[in-house]
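There are 2 protein chains.
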Amino acid sequence: MSKKVGVGLLGLGTVGSGVASILENPENRHPLVNDIQIIQVAVRDLSRKRSSELTNATLTDNPQSVVDDPKVAVVVEVMGGIEPARTLIMRAISAGKSVVTANKALIARHGEEIATAANAAGVYVLIEAAVGGGIPIIEPLKQSLGGNKINKVSGIINGTTNYILSRMANEGVPYTDVLTKAQELGYAEADPAADVEGFDAADKIAILSGLAFGGSIKRSEIPTQGITKLQSRDVDFAKRLGYAVKLLAISERLDPSPQDSNSLPLAVRVKPTLVPLNHPLAGVDGVNNAILVEGDPIGQVMFYGPGAGAGPTASAVVADILNIAGIGQTQKKHNRKP
Amino acid sequence: MSKKVGVGLLGLGTVGSGVASILENPENRHPLVNDIQIIQVAVRDLSRKRSSELTNATLTDNPQSVVDDPKVAVVVEVMGGIEPARTLIMRAISAGKSVVTANKALIARHGEEIATAANAAGVYVLIEAAVGGGIPIIEPLKQSLGGNKINKVSGIINGTTNYILSRMANEGVPYTDVLTKAQELGYAEADPAADVEGFDAADKIAILSGLAFGGSIKRSEIPTQGITKLQSRDVDFAKRLGYAVKLLAISERLDPSPQDSNSLPLAVRVKPTLVPLNHPLAGVDGVNNAILVEGDPIGQVMFYGPGAGAGPTASAVVADILNIAGIGQTQKKHNRKP
Numbered sequence: 001m002s003k004k005v006g007v008g009l010l011g012l013g014t015v016g017s018g019v020a021s022i023l024e025n026p027e028n029r030h031p032l033v034n035d036i037q038i039i040q041v042a043v044r045d046l047s048r049k050r051s052s053e054l055t056n057a058t059l060t061d062n063p064q065s066v067v068d069d070p071k072v073a074v075v076v077e078v079m080g081g082i083e084p085a086r087t088l089i090m091r092a093i094s095a096g097k098s099v100v101t102a103n104k105a106l107i108a109r110h111g112e113e114i115a116t117a118a119n120a121a122g123v124y125v126l127i128e129a130a131v132g133g134g135i136p137i138i139e140p141l142k143q144s145l146g147g148n149k150i151n152k153v154s155g156i157i158n159g160t161t162n163y164i165l166s167r168m169a170n171e172g173v174p175y176t177d178v179l180t181k182a183q184e185l186g187y188a189e190a191d192p193a194a195d196v197e198g199f200d201a202a203d204k205i206a207i208l209s210g211l212a213f214g215g216s217i218k219r220s221e222i223p224t225q226g227i228t229k230l231q232s233r234d235v236d237f238a239k240r241l242g243y244a245v246k247l248l249a250i251s252e253r254l255d256p257s258p259q260d261s262n263s264l265p266l267a268v269r270v271k272p273t274l275v276p277l278n279h280p281l282a283g284v285d286g287v288n289n290a291i292l293v294e295g296d297p298i299g300q301v302m303f304y305g306p307g308a309g310a311g312p313t314a315s316a317v318v319a320d321i322l323n324i325a326g327i328g329q330t331q332k333k334h335n336r337k338p
Numbered sequence: 339m340s341k342k343v344g345v346g347l348l349g350l351g352t353v354g355s356g357v358a359s360i361l362e363n364p365e366n367r368h369p370l371v372n373d374i375q376i377i378q379v380a381v382r383d384l385s386r387k388r389s390s391e392l393t394n395a396t397l398t399d400n401p402q403s404v405v406d407d408p409k410v411a412v413v414v415e416v417m418g419g420i421e422p423a424r425t426l427i428m429r430a431i432s433a434g435k436s437v438v439t440a441n442k443a444l445i446a447r448h449g450e451e452i453a454t455a456a457n458a459a460g461v462y463v464l465i466e467a468a469v470g471g472g473i474p475i476i477e478p479l480k481q482s483l484g485g486n487k488i489n490k491v492s493g494i495i496n497g498t499t500n501y502i503l504s505r506m507a508n509e510g511v512p513y514t515d516v517l518t519k520a521q522e523l524g525y526a527e528a529d530p531a532a533d534v535e536g537f538d539a540a541d542k543i544a545i546l547s548g549l550a551f552g553g554s555i556k557r558s559e560i561p562t563q564g565i566t567k568l569q570s571r572d573v574d575f576a577k578r579l580g581y582a583v584k585l586l587a588i589s590e591r592l593d594p595s596p597q598d599s600n601s602l603p604l605a606v607r608v609k610p611t612l613v614p615l616n617h618p619l620a621g622v623d624g625v626n627n628a629i630l631v632e633g634d635p636i637g638q639v640m641f642y643g644p645g646a647g648a649g650p651t652a653s654a655v656v657a658d659i660l661n662i663a664g665i666g667q668t669q670k671k672h673n674r675k676p
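Which chain is which? The protein sequence lines are A and R, in order.
Residue numbering for the first sequence follows the numbering used here, starting at 1 and increasing by one per position.
Residue numbering for the second sequence follows the numbering used here, starting at 339 and increasing by one per position.
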């Protein structure tokens with residue numbers, strides 16, 4: 001019935017391929033998936049062999065041509081890194097295109113600049129995939145919990161460190177051994193610093209803080225401690241005392257607010273934390289993530305699921321694409337069933 | 339800046355009062371809360387003394403006058419029961435007004451009629467509060483998980499029975515004693531049948547099934563078994579074998595689909611179920627609810643929180659009001675932060 005919404009993909013790695021796979025196989029998914037068409041895809045190496053998922057899209061090694069394609073209404077950035085992702089996103093916004101991105105490092109550092117440009121241009125920049133992998137947390141925080149005064153957001157938002165801590169706790173394996181195993185399994189990078197030093201979690205809590213409390217969090221000012229100094233015996237002692245050791249990212253409202261009007265009325269931090277074993281976050285094992293939101297009048301609500309991986313992250317990216325595609329058809333979408 | 343969105347409340351019981359309390363105190367909540375105004379409120383007894391929350395709204399004992407008020411754009415039905423709720427909602431839809439309702443019994447039985455009327459009239463009927471109390475589950479199912487082929491939805495969606503089963507498991511108290519206690523605490527009704535016989539959970543899984551799988555579930559055809567025949571020793575034996583006994587409501591896709599084209603390709607049921615103690619649903623205790631959604635490519639994602647109560651339910655109702663109010667202002671809402 002309606003004209004299809006043209007999508008341009010920047011990147012065709014694991015997440016990009018996952019997004020393509022969903023969009024090219026609409027059966028049994030949200031009816032709006034049928035209304036989305038991938039127009040152009042930017043890849044690094046055109047000569048690389050690929051699966052035959054992409055039937056009608058043009059491949060290019062020039063990402064700018066994706067952004068500039070007049071048939072592309074939504075630019076999906078799944079290439080990662082700060083540049084050229086930032087420049088490409090700003091260019092898309094200037095051209096009046098909406099953007100979907102999974103790039104937490106970029107949003108944590110340049111989110112305000114990007115949001116300001118998007119508001120000025122009257123387009124959307126949606127970032128569900130930037131935090132918690134497939135777990136719906138960004139949209140629920142913005143919308144479903146909008147009636148609440150949020151007091152605290154805390155969670156396990158780095159799957160790699162949670163995998164390591166879970167195995168240290170459950171099997172008593174030393175940190176370095178588990179890290180090696182995580183690298184073999186592809187759960188950890190060759191250079192694991194972003195994960196094990198807590199930097200990735202700090203990126204994500206900066207984003208969640210901005211959404212939950214509306215303030216602007218300076219990424220560089222978040223006290224961040226990773227798990228590199230933890231030993232198996234620390235984890236073991238904690239367990240015997242009734243606690244799990246989890247790398248928690250926390251942002252909470254300070255009450256009363258600080259006198260100094262330059263300080264944000266928030267305490268934000270990333271650090272290994274003792275969590276009582278009967279606490280909902282204690283049972284979150286392996287590469288799973290969970291985010292606990294505390295607000296008034298809702299009390300505590302928790303979102304749990306796969307914090308990374310091609311499928312889950314692609315699920316979140318597609319949710320944002322559908323959200324943008326659905327804005328012209330909100331009615332149909334809202335009354336879908338029952 | 340913008341004209342306020344006029345809301346009419348049908349009912350001012352615990353949920354209605356909770357909604358009023360949020361809307362009259364917008365500080366630190368979503369900025370859109372400022373743009374919403376309660377115009378008229380229908381109550382059963384005008385002479386009853388009330389708190390002074392409602393500053394600018396008219397009280398009436400004629401619910402029809404709320405629906406007919408030209409300043410009311412959104413009708414919020416929190417009176418419960420099938421009639422007159424159904425007639426009032428249909429009247430609001432005919433008048434071109436959007437509706438927010440927490441009425442699971444009504445939606446489970448007349449959801450299709452209501453959705454059809456809403457689509458024809460071009461208005462919204464939102465039902466976040468009908469399942470899982472404050473837990474965002476309806477909007478995430480409709481939107482955030484839209485890229486997935488949903489295979490199974492299962493959960494603990496009745497707080498009363500979960501409270502009873504939790505106390506039976508943790509303290510070995512007999513069923514009838516815990517039920518009496520639950521009634522004293524207000525967790526269970528004087529006539530507890532809707533909860534303990536599983537009828538309430540069946541209403542809710544009918545709604546979730548419709549959303550997840552798009553089909554039309556006949557409420558009366560859902561096999562439903564409650565917890566009245568469970569004894570403490572059943573719960574205790576299960577625990578010793580490594581299981582929790584939970585009243586689960588389950589809806590799953592049958593694969594392959596049944597040959598008979600008149601049968602829905604779904605298996606839906608409510609019954610006490612043995613859940614392995616390391617399963618995410620096993621740790622959901624007390625009056626909390628949790629809904630586990632399994633889909634492709636996301637895997638498993640779980641939504642956990644308070645399944646009932648004035649504050650959580652009001653939070654969900656307000657989320658829907660904000661959703662409707664925000665449709666004219668989607669852009670501002672989406673780019674709120676960062």
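For each residue, glycine too, the CB sits at the ideal point set by N, CA and C.
The structure displayed is predicted, hence computed values, not measured ones.
Which residues in chain A sit within 8 Å of K487(R), going by Cβ to Cβ distance?
E27, N28, R29
For P614(R), which residues of its own chain have a beta-carbon under 7 Å away from its beta-carbon, when the five flanking residues on both sides are left out?
G580, Y581, A620
Could you check if A193(A) is buried or exposed, using at least 16 other CB atoms within 10 Å of its CB as the buried criterion?
Burial call: exposed.
Any C-beta of chain A sitting closer than 8 Å to the C-beta of P676(R)?
Note on P676(R): pLDDT 37, under 50, position unreliable in the model; no value is reported.
Does the stretch 197-211 of chain A come within contact of the stretch 152-172 of chain A, defined as at least 3 CB pairs closer than 8 Å?
yes
First and last residue of the alpha helix (DSSP H) that includes M168(A)?
159-171
Buried/exposed call for T393(R), threshold 16 Cβ in 10 Å
exposed
Taking DSSP as the reference, what is the three-state secondary structure of P369(R)?
P369(R) sits in a helix when the DSSP states are folded into three classes.
Check whether the stretch 463-473 of chain R touches the stretch 560-569 of chain R, taking contact to mean three or more Cβ pairs, one atom from each stretch, closer than 8 Å.
no
By how many angstroms is the C-alpha of S554(R) removed from the C-alpha of A544(R)?
8 Å
Interface flag, L370(R) vs chain A, CB-CB below 8 Å:
yes
When you compare only the Cα positions, how much space is there between G18(A) and V78(A)?
11 Å
Closer than 8 Å by beta-carbon distance: list the chain A residues that pair up with L660(R), in chain order.
Q143, G146, G147
Nearest residue (CA-CA) to L568(R), options K556(R), R557(R), V583(R), K542(R):
V583(R)
What would DSSP say about E294(A), mapped onto helix, strand or coil?
strand
Hey, which unbroken runs of the alpha helix (DSSP H) at 4 residues or more fall wholly within the stretch 29-104 of chain A?
63-68, 85-94
Kindly list, in the order they appear in chain R, the residues whose Cβ is closer than 8 Å to that of Q300(A).
Within chain R, the residues near Q300(A) are G643, P644.
Would you grab the beta carbon distance between V345(R) and I377(R) for me? Rounded to a whole angstrom, and I think it's under 8 Å.
6 Å
Would you identify the three-state DSSP class for E24(A), choosing helix, strand or coil?
helix
CB of Y642(R) within 8 Å of CB of V131(A), strictly
no
What residues from chain R crowd round I135(A), counting only those whose CB sits closer than 7 Å?
V639
If you compare alpha carbons, which of V381(R), Q375(R), G624(R) is closest to L523(R)?
G624(R)
Chain A contacts made by the stretch 541-560 of chain R, where a contact means CB separation under 7 Å:
I545, G548, L549, G552
Checking the sheet assignment: what are the DSSP bridge partners for Y581(R)?
P614(R)
Thinking G471(R) and P644(R) are a contact (beta carbons under 8 Å), I'd like their distance in whole angstroms, please.
5 Å
Short Cβ contact (8 Å threshold) for V74(A) with S47(A)
no
Output yes or no for whether 8 Å exceeds the beta carbon distance between K104(A) and K204(A).
Taking C-beta atoms as the reference points, K104(A) and K204(A) count as a pair closer than 8 Å.
Distance CB(V293(A))-CB(V153(A)) smaller than 8 Å:
yes
K519(R) lies in the alpha helix (DSSP H); which residues open and close that run?
513-522
Between E477(R) and chain A, is any beta-carbon pair separated by less than 8 Å?
It does: the Cβ of E477(R) has a partner Cβ on chain A nearer than 8 Å.
As a quick exercise: from H368(R), A380(R), R447(R), pick the residue whose alpha carbon is nearest that of S144(A).
Among H368(R), A380(R), R447(R), the Cα nearest to that of S144(A) is on H368(R).
Tell me whether N170(A) is buried or exposed, calling it buried when 16 or more other Cβ atoms sit within 10 Å of its Cβ.
exposed
Quick check on N25(A): buried or exposed, where buried means 16 or more other Cβ atoms within 10 Å of its Cβ?
exposed
Please tell me whether E590(R) has its Cβ less than 8 Å away from any Cβ of chain A.
no
Are the beta-carbon atoms of P70(A) and L10(A) separated by less than 8 Å?
no
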